[in-house]
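In this note's numbering, the protein residues as written are 20 to 522. Glycine included, each C-beta is placed from N, C-alpha and C at the ideal position. As the structure is a prediction and not an experimental result, all values here were calculated from the model. Below is one structure, written out as structure tokens; the observations come after it.
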Amino acid sequence: MTTAGAMTKRLDCFLGIDLGTTRTKVGLIAIDGTPLGFGRIGHQMTVDPAAGVAEQDADAWWSGLAVAIGEALDAGAARLGGRPEPGAICVAGHGPSLVPVDADGVPVRPAVMWLDTRASRERDELESATGLRGWSLGVAPAALWLQRHEPERAARARWFCNAWEALALRLSGEAATTLVPNGAAVPRDALRGAGLDPGKLAPERLTGTRLGGLTAAAAGHLGLRAGTPVIAGLVDAFASFHGARMLRSGDAIDVGGAAGGFGLYADRPVTVAGGFTTPAPMPGLYSVGAAMAATGASLDWFAGPVLGGAWPIEELLAEAAIVEPGADGLVFLPYLAGERSPLWDPQAKGAFVGLTLRHGRGHMTRAILEAAALAIRHVSQPMLDAGLAVRVMRACGGPAADDGWNHIKADVTGFPVEVPRVRETAAVGAAIVAAVGVGAHPDLPTAIGAMTAIDRRFEPDPERASIYDRVFEAYAGLYPAIAPVLREAAAPRHPSAGAGAAA
Numbered sequence: 020m021t022t023a024g025a026m027t028k029r030l031d032c033f034l035g036i037d038l039g040t041t042r043t044k045v046g047l048i049a050i051d052g053t054p055l056g057f058g059r060i061g062h063q064m065t066v067d068p069a070a071g072v073a074e075q076d077a078d079a080w081w082s083g084l085a086v087a088i089g090e091a092l093d094a095g096a097a098r099l100g101g102r103p104e105p106g107a108i109c110v111a112g113h114g115p116s117l118v119p120v121d122a123d124g125v126p127v128r129p130a131v132m133w134l135d136t137r138a139s140r141e142r143d144e145l146e147s148a149t150g151l152r153g154w155s156l157g158v159a160p161a162a163l164w165l166q167r168h169e170p171e172r173a174a175r176a177r178w179f180c181n182a183w184e185a186l187a188l189r190l191s192g193e194a195a196t197t198l199v200p201n202g203a204a205v206p207r208d209a210l211r212g213a214g215l216d217p218g219k220l221a222p223e224r225l226t227g228t229r230l231g232g233l234t235a236a237a238a239g240h241l242g243l244r245a246g247t248p249v250i251a252g253l254v255d256a257f258a259s260f261h262g263a264r265m266l267r268s269g270d271a272i273d274v275g276g277a278a279g280g281f282g283l284y285a286d287r288p289v290t291v292a293g294g295f296t297t298p299a300p301m302p303g304l305y306s307v308g309a310a311m312a313a314t315g316a317s318l319d320w321f322a323g324p325v326l327g328g329a330w331p332i333e334e335l336l337a338e339a340a341i342v343e344p345g346a347d348g349l350v351f352l353p354y355l356a357g358e359r360s361p362l363w364d365p366q367a368k369g370a371f372v373g374l375t376l377r378h379g380r381g382h383m384t385r386a387i388l389e390a391a392a393l394a395i396r397h398v399s400q401p402m403l404d405a406g407l408a409v410r411v412m413r414a415c416g417g418p419a420a421d422d423g424w425n426h427i428k429a430d431v432t433g434f435p436v437e438v439p440r441v442r443e444t445a446a447v448g449a450a451i452v453a454a455v456g457v458g459a460h461p462d463l464p465t466a467i468g469a470m471t472a473i474d475r476r477f478e479p480d481p482e483r484a485s486i487y488d489r490v491f492e493a494y495a496g497l498y499p500a501i502a503p504v505l506r507e508a509a510a511p512r513h514p515s516a517g518a519g520a521a522a
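Spelled out as structure tokens, the structure:
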């Protein structure tokens with residue numbers, strides 16, 4: 020950290036906080052989009068797939084946030100020659116992830132992460148009661164599960180928040196359930212009828228409105244100025260839309276990250292197999308999206324638990340780059356944490372299919388990279404079938420740093436792929452919302468135009484695309500074929516009473 024006596028550098032800049040599944044990233048972004056400094060800190064998650072459990076210590080987010088903000092401010096101070104003073108703060112975060120908190124925003128139990136599947140029954144009940152589906156229900160299913168299974172902890176909670184809402188409350192002292200413009204709130208009468216206390220859901224506020232000023236306690240903890248405006252935030256996917264320079268119909272995004280996901284802007288609402296377009300975070304547009312579970316995490320899994328960290332990811336990527344498209348007949352299913360879109364099967368399992376003695380580490384890495392692209396093609400196909408079109412896809416996050424992977428995504432999907440100047444698009448998007456929230460830019464389109472830019476572009480190669488057409492057919496057909504076998508193999512075995520008796 021800079022010393023207390025260091026000169027304060029007053030500059031139009033904004034803090035964008037991206038509370039991710041595995042790490043928090045903080046970007047200090049200038050009004051023209053120049054990245055002045057970034058800070059990052061990782062988080063552990065408690066996962067028990069057999070029990071459907073995925074939880075995280077939400078209090079660790081708060082302590083980690085101070086570290087990440089300190090790193091961003093130090094980097095900004097080194098760049099500017101004086102300590103920066105952000106003009107506003109905005110939080111984007113993963114979700115729907117339930118954080119039950121007291122009146123001050125302090126968690127009363129670990130966060131129930133979006134990967135957690137214990138509230139499946141409650142989700143089905145609320146879908147029937149409200150007419151909403153999936154993510155549109157927000158944290159309501161997990162909150163109803165908590166009231167039923169942990170009533171004492173539920174009673175201690177003043178608010179049932181989403182991840183970014185919980186951090187914003189702790190920053191500003193103001194509780195809010197945030198909605199994008201024209202977004203639909205969950206009907207509270209229906210929640211009450213299903214047994215959920217709607218009084219524990221905070222009042223609704225529009226994303227981009229001012230919640231309040233940074234409290235003295237939060238300012239002291241984070242090393243920031245008390246009273247700094249805190250702007251109502253949004254889910255990390257929508258923040259990434261802004262940071263990826265998505266402005267018009269046909270703009271799409273590969274969000275990168277541990278889970279992976281795809282989003283597309285449309286100029287009209289349409290029905291898509293498995294879901295509907297919803298109001299986009301950009302006024303006048305609609306969005307349709309799909310989130311996976313572990314397409315990004317698959318490479319980390321291969322490099323870490325499988326290979327023991329003996330080969331840097333950069334070396335693995337270089338090996339994969341010299342393997343021919345199609346990985347010599349090797350196909351990977353990236354269902355290492357179950358799968359959301361398009362399977363919606365929390366019990367889904369990953370697989371390498373087609374292994375032979377001629378396959379090596381490079382082939383396996385290549386198959387993992389191709390699977391991330393094949394998954395995007397898989398989830399985007401229903402959108403294309405519904406008459407939507409992709410003009411360009413923006414590749415974001417860590418994977419977008421590798422040009423070979425970007426080429427694979429263009430060839431597999433058939434979409435031109437562009438890489439934003441700053442790949443940490445959720446943090447940039449949160450900073451954009453902060454800037455608009457205090458009037459530094461008059462509206463979102465102006466702010467996005469001023470604070471984002473495109474760095475590189477990759478066009479699909481027709482010859483490689485024809486190879487990937489065949490690979491995709493195999494990829495899409497594999498899981499339905501092997502799922503029954505995998506389910507049988509994973510089924511618990513209960514020995515009969517006579518097991519172990521003498522023959």
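In this structure Ala445 is buried. Its beta-carbon is surrounded by 16 or more other beta-carbon atoms within 10 angstroms. Residue state for Gly328 is assigned as coil, using DSSP reduced to three classes. Inclusion of Pro217 and Trp154 in the CB contact set at 8 Å is not warranted, their separation being larger than that value. Using a Cβ distance threshold of 8 Å, Ala122 and Arg175 do not count as a contacting pair.
Within the model, the alpha-carbon separation for Gly100 versus Gly52 is close to 19 Å. For Ile48, the closest of Leu145, Ala91 and Arg377 by C-alpha to C-alpha distance is Ala91.
Bridge partners of Trp178 according to DSSP: Val120. Per DSSP, reduced to three states, the secondary structure at Tyr354 is coil, with no helix or strand assignment. In this structure, the beta-carbon distance from Ile36 to Ala96 does not fall below 8 Å. Between Leu198 and Glu223, the CB-CB gap stays under 8 Å. Assignment of Ala70 by DSSP, reduced to helix, strand and coil, places it in the helix class.
Secondary structure at Glu478: coil, using DSSP grouped into helix, strand and coil. Excluding its 5 nearest sequence neighbours in each direction, Thr226 has C-beta neighbours in its own chain below 6 Å: Thr197, Val199, Ala251 and Leu253, listed in chain order. By the Cβ-count criterion, His168 is exposed, with fewer than 16 other Cβ atoms from all chains shown falling within 10 Å of its own Cβ. In the structure shown, Phe434 adopts coil according to DSSP, grouped into three states. Burial check for Asp421: the Cβ neighbour count within 10 Å reaches 16 or more, so the residue is buried. Under DSSP, Asp37 shares a beta bridge with Lys44 and Ala111. Straight-line spacing of the CA atoms in Thr471 and Gly212 works out to 45 Å.
The shortest CA-to-CA distance from Gly456 to any of Leu388, Ala500, Val249 and Gly345 is the one to Val249.
By the C-beta criterion, the segment 426-436 is judged to be in contact with the segment 480-499, since at least 3 inter-stretch pairs fall below 8 Å. By the Cβ-count criterion, Gln63 is exposed, with fewer than 16 other Cβ atoms from all chains shown falling within 10 Å of its own Cβ. Exposure of Trp363 is indicated by the presence of fewer than 16 other C-beta atoms within 10 angstroms of its C-beta. By the Cβ rule, the segment 408-420 counts as touching the segment 435-445, because three or more pairs are nearer than 8 Å. In this structure, the straight-line span from the alpha carbon of Gly323 to that of Arg207 is close to 45 Å. The straight-line gap separating the alpha-carbon atoms of Ala130 and Val118 is approximately 5 Å. Within the same chain, Arg137, Ala138 and Glu141 come within 7 Å of Trp164 by CB-CB distance, once the 5 residues on both sides are set aside. Taken in chain order, the unbroken stretches of beta strand (DSSP E) that lie wholly in the segment 192-261 and span 3 residues or more are 196-198, 223-225, 229-232 and 248-254. For Ala310, the enclosing beta strand (DSSP E) has its first and last residue at Tyr305 to Ala310. Taking C-beta atoms as the reference points, Ala87 and Gly56 fail to come closer than 8 Å. Rounded to the nearest whole angstrom, the C-alpha separation of Gly280 and Pro461 is 30 Å. Restricting attention to alpha helix (DSSP H) runs no shorter than 4 residues, the segment 395-478 encloses them at 422-432, 444-456 and 463-470, ordered along the chain. Counted as a single uninterrupted DSSP element, the alpha helix (DSSP H) harbouring Arg142 occupies residues Ser139 to Thr149. Taking the C-beta atoms as reference points, Thr40 is found nearer than 8 Å to Ala277. Taking C-beta atoms as the reference points, Val342 and His382 count as a pair closer than 8 Å. For Arg59, there is no enclosing alpha helix (DSSP H); the enclosing beta strand (DSSP E) covers residues Pro54 to Gly61. As far as DSSP is concerned, Ala508 takes part in no beta bridge.
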